[in-house]
Every structure is written in C-alpha cells, then in structure tokens.
Amino acid sequence: MLTRKQHELLMFIHERMKESGIPPSFDEMKDALDLRSKSGIHRLITALEERGFIRRLPHRARALEILKLPDSVSAGLASTAKRFEPSVIEGSLGRSRSAQDEDATPPALVPVMGRIAAGTPISAIQDHTHNITVPPEMLGTGEHYALQVHGDSMIDAGILDGDTVLLQRVNSAGNGEIVVALIDDEEATLKRLRRKGDSIALEAANEAYETRIFGPDRVDVQGRLVGLLRQY
0 MLTRKQHELL MFIHERMKES GIPPSFDEMK DALDLRSKSG IHRLITALEE
50 RGFIRRLPHR ARALEILKLP DSVSAGLAST AKRFEPSVIE GSLGRSRSAQ
100 DEDATPPALV PVMGRIAAGT PISAIQDHTH NITVPPEMLG TGEHYALQVH
150 GDSMIDAGIL DGDTVLLQRV NSAGNGEIVV ALIDDEEATL KRLRRKGDSI
200 ALEAANEAYE TRIFGPDRVD VQGRLVGLLR QY
C-alpha cells in the first residue's frame, strides 16, 4: 500500500517513461510533486524501492526501472486514495461469554499492516503482511489492525521496540490518546496526541525526543491504540 505522495511519484515516473522512455530527473520529480527539496524525493524513491515497485540501476544516471504498478492501476481503475487506508477485518467482538459458549468463541483474526515508527517519523506503513490471532476481549466494535513498533520514543508508555500494537481504525481521537498519525500524507508515527489551540502536538513518551507541533491540516489520525502484544 502506498501513500498519496508515493503513488503520485510512481505514476509520474510511469507516465514520463511511457512518453519519452527516460525517467524524469530529481528536479522534475520535485517540481511535479510540489516539494521544497530533493530530499523528499529521495525518501519517496527509497520507499518505492523497498516496496518492490521500482529498482535503481547502479552506475547509471537517472536509471530507474518500474517493476510493478499498484493493483488498482493494473486493473484499469483510478486510485483516489489520499491516505493510509488499510484493508482491515471488522471484529464483531466484545460479546459476553458464558460457560456454555466459551469454547465456541474463536480468537479474532487481525491483519498486520507492516511497521510504525515510534521515533522519528518515517514512511513506514506497508501492505498487509500477515494476520495474527487476538483474544476477542482485547477488541471492541469496529475495524482493527496491527502494526509492529520500530523505535523507542514511547518506552515510558510501556511500548517497546519490537512490540505489536493493536489499533482501532478511527479518524479522530481524544486529547492524550496514543494514535497512529500520518503527517503531510507521507510520514507515519505512533505518538500521544495533544491539542493546543488550533495546533496538534505529537508527544513522545521518552524525554530524549522533542514534541512536534503541526497545523491541524497536516495531521491525519489513522487509528487509536487499544492494545499491545509482546513476545519474550
């Protein structure tokens, strides 16, 4: 699954190569995506390469090869996704269990959608990688998904590098809740959300990390933390 910016860049490269047979330059990509610097293009190219959509050919200038396109494009459908939209399994769960039906209630199957940065935000959310089984009592109503934690910015909230977090898919959250936040439709991070007037603060639970403050139009809430799994 690609972010909006990753998708835009991939399609720009694809269309340019169809027209001329030559990949666009980094300056052309920067201008096409209306980015301020080429460092953003470098991050997007790396993310596309890690996800298997493109390949950089060594020892050649402007050498990019498109390996695949998103499924929706390959099927002739226009992709209109603007943000991380995981395919999730709805848990019709949280029901009370009596002794008679306890054995009949199966564990919930939750999709793992890659990893999330608990540190400096990165383009980290990936496609559905696998499923995990979760005790039904850990989930409420609605849709849920899981992400693997990478980083140590939330250790004082009990969230460690390598943990798996369970999230309820929501697009808003209360003040002080831990959320998956998507910044500028590009960078994803796990942080505590604080509202300060018209601004949104993404607060780490580790004094080594600074709180980052954004305008409300730059942050999209993609999920709210409801549980955590850890393997020893």
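The sequence shown begins at 0 in numbering that gives the first Met the number 0 and counts up by one. We treat Cβ as the ideally placed atom computed from N, Cα and C, and that holds for glycine. Because the structure is a prediction, the values reported are computed rather than measured.
Item, Value
"In chain order, each alpha helix (DSSP H) run of at least 4 residues that lies wholly inside the stretch 9-44", "25-31"
"Distance CB(ILE40)-CB(PHE25) smaller than 8 Å", "yes"
"Contact under 8 Å by Cβ, LEU8 with LEU47", "yes"
"Sub-8 Å separation of LEU146 and VAL225 beta-carbons", "no"
"Span of the beta strand (DSSP E) around ALA187", "186-195"
"Sub-8 Å separation of GLN230 and VAL179 beta-carbons", "no"
"For GLU18 and LEU76, the rounded distance between their alpha carbons", "The pLDDT assigned to LEU76 is 37, lower than 50, so where the model puts this residue is not dependable, and the model offers no usable value."
"CA-to-CA distance, GLY157 to ARG223, given in whole angstroms", "16 Å"
"Residues that DSSP places opposite ILE154 in a beta bridge", "For ILE154, which the question treats as bridged, DSSP gives no partner whatsoever."
"Whether MET153 touches ALA207 by CB criterion (8 Å)", "no"
"Supposed close pair ARG191, ILE177 - CB separation, criterion 8 Å", "5 Å"
"Heavy atom of the ligand GTP within 7 Å of ALA46 beta-carbon", "Of ligands this structure carries none, so the ligand GTP is not represented either."
"Cβ-based neighbour list, PRO23, same chain, cut-off 6 Å, excluding 5 preceding and 5 following", "ARG15"
"DSSP state of PRO110 mapped onto helix, strand, coil", "strand"
"Enclosing beta strand (DSSP E) for GLY226 [first to last residue]", "218-228"
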